[in-house]
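Residue numbers (my numbering): 62 to 264.
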Amino acid sequence: MVPGTVQIVNRVERNIGCEAPGRGENDIILVPQPTNDPSDPLNWNKLRKEYHFWLLWIWGFIATVSVNWVGPVWTQLTINLNTTFSLLNVSSALGYLFLGIGCVLLQPNAMKIGRRPVYIFGTLLNVIGFIVGGIQDTVEQFFGVSVLTGLGAALVDSLVQISTTDIFFAHQKGTRLSLLVFTLYAGSYLGPAAAGYIAKSQG
């Protein structure tokens with residue numbers, strides 16, 4: 062077997078009279094092997110796994126939108142905030158800067174203290190950013206919005222994938238991770254499109 066790969070199909074071994082350990086259903090070998098602990102995420106029932114995954118998917122979509130939505134409304138923001146495109150470029154750069162910083166700071170803490178507190182923290186940062194964004198009237202406040210939403214959304218690039226691979230086996234991960242990649246693109250492209258329509262219709 063090629064180093065770095067795992068065997069997930071047991072058919073060959075069965076045909077030659079050998080059995081690979083840890084078989085699942087339909088000749089699939091479960092990798093990693095679940096424990097006997099009922100609280101092990103790998104032992105969750107299908108409904109709980111699906112709920113967990115789609116909650117992460119929706120969270121990731123909203124977090125991605127929170128960082129990428131602003132482009133189509135810059136002209137309106139220069140008027141509302143009495144600012145320039147150059148300063149709005151700075152605000153965008155701050156958002157992406159703290160998106161990267163958040164990956165470095167939050168992901169290790171999630172591995173140490175648990176994922177739930179870090180997800181709650183990221184969600185609170187985004188909510189505060191949305192509230193400030195709704196009442197902002199200066200470009201400096203918009204800088205703060207970019208910092209908060211960038212930091213809060215960092216988990217979509219660092220932790221959501223780990224939370225997904227925790228509950229699925231090797232033969233299931235490809236589809237789930239592909240869906241997570243889709244939500245990154247969906248949030249990045251649909252968010253600005255929606256923002257443009259809203260800005261055009263409501264000003």
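A virtual CB, placed ideally from N, CA and C, is assigned to each residue, including glycine.
Keep in mind the model is a prediction, meaning the values are calculated, not measured.
Local conformation of residue i per DSSP, three classes
i	result
V70	strand
I192	helix
I90	strand
I228	coil
L240	helix
Q168	helix
L142	coil
L220	coil
Beta-carbon proximity of residue i to residue j, cut-off 7 angstroms
i	j	result
P95	L108	no
F122	G211	no
G252	N150	no
I69	A231	yes
Between the CA atoms of residue j and residue i - distance to the nearest angstrom
i	j	result
T144	Y246	29 angstroms
W115	Q197	32 angstroms
V126	S224	20 angstroms
E111	L91	18 angstroms
T244	G163	19 angstroms
V200	T66	51 angstroms
G194	G205	9 angstroms
G213	N97	35 angstroms
Limits of the alpha helix (DSSP H) - the one that residue i falls within
i	result
T125	107 to 129
Q197	Premise fails: Q197 is in no alpha helix (DSSP H) and is neither H nor E.
| Counting Cβ pairs closer than 8 angstroms, one from the segment 180 to 195 and one from the segment 134 to 141, do we hit at least three? | In short, these stretches do not touch, since the Cβ pair count stays below three.
| query | Below 8 angstroms, can you find three or more Cβ-Cβ pairs linking the segment 229 to 242 to the segment 250 to 257? | reply | no
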